[in-house]
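In the numbering used here, the protein residues as written are 1045 to 1223. All residues carry an ideal CB built from backbone N, CA and C; glycine is no exception. Just so you know, these numbers come straight off a predicted model, no measurement behind them. The structure appears below as structure tokens.
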């Protein structure tokens, strides 16, 4: 009798194990967090920093200005090789939200001890203004992964540089570099 109850309890416990764990599709523990995943399913934490918004005005804005996000540190300690197939996983609250409206993937501009994401610039009196953010976007594919994740893959092999992933409603950037 005791063996039957023990076997039933073990079977019940196994039935409660999430499917994502059973098939090896796991990812970050918290919503909005990105991790790199290799072909074997091993996970790697990305560098996590909070970008600071900076605006520079010339002559109170009459002579132009620029806006950008600035991240401390000239390069990320998390590095990948050029030509390496990269995949990232982000935990989401629900998978019925369009990942292309949620996930943001950018290439950054390294400058000495900081990395920059230019947003826009404007000339005198707003003449010649340009939105620079679009030129920094990395195109990617997204697919459902497990029960609470999206898998993100850049559409091309990333050239050497510094990169950032984030969600549209998150405050942190998840950073890595390619050599």
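Quick check on residue i: buried or exposed, where buried means 16 or more other Cβ atoms within 10 Å of its Cβ?
{"i": "residue 1195", "result": "buried"}
{"i": "residue 1125", "result": "exposed"}
{"i": "residue 1204", "result": "exposed"}
{"i": "residue 1088", "result": "exposed"}
Quick check: what's the CA-CA separation for residue i versus residue j?
{"i": "residue 1206", "j": "residue 1142", "result": "26 Å"}
{"i": "residue 1189", "j": "residue 1214", "result": "20 Å"}
{"i": "residue 1116", "j": "residue 1221", "result": "14 Å"}
{"i": "residue 1200", "j": "residue 1208", "result": "16 Å"}
{"i": "residue 1076", "j": "residue 1153", "result": "23 Å"}
{"i": "residue 1177", "j": "residue 1083", "result": "31 Å"}
{"i": "residue 1113", "j": "residue 1210", "result": "13 Å"}
{"i": "residue 1180", "j": "residue 1157", "result": "20 Å"}
{"i": "residue 1098", "j": "residue 1111", "result": "6 Å"}
{"i": "residue 1120", "j": "residue 1140", "result": "32 Å"}
{"i": "residue 1131", "j": "residue 1145", "result": "18 Å"}
{"i": "residue 1186", "j": "residue 1086", "result": "19 Å"}
{"i": "residue 1212", "j": "residue 1078", "result": "13 Å"}
{"i": "residue 1147", "j": "residue 1080", "result": "14 Å"}
{"i": "residue 1137", "j": "residue 1074", "result": "9 Å"}
{"i": "residue 1091", "j": "residue 1155", "result": "18 Å"}
Which first and last residues belong to the beta strand (DSSP E) in which residue i is found?
{"i": "residue 1222", "result": "1217-1222"}
{"i": "residue 1196", "result": "1193-1198"}
{"i": "residue 1188", "result": "1184-1189"}
{"i": "residue 1205", "result": "1205-1211"}
{"i": "residue 1092", "result": "1091-1093"}
{"i": "residue 1081", "result": "1078-1081"}
Confirm, please, whether the CB-CB distance from residue j to residue i is below 8 Å.
{"i": "residue 1093", "j": "residue 1223", "result": "no"}
{"i": "residue 1133", "j": "residue 1219", "result": "no"}
{"i": "residue 1135", "j": "residue 1192", "result": "yes"}
{"i": "residue 1184", "j": "residue 1149", "result": "yes"}
{"i": "residue 1072", "j": "residue 1161", "result": "no"}
{"i": "residue 1118", "j": "residue 1159", "result": "yes"}
Practice task
Can you check the stretch 1105-1149 for any beta strand (DSSP E) of at least 3 residues that lies completely inside it and give the ranges in chain order?
Solution key: 1109-1116, 1132-1135
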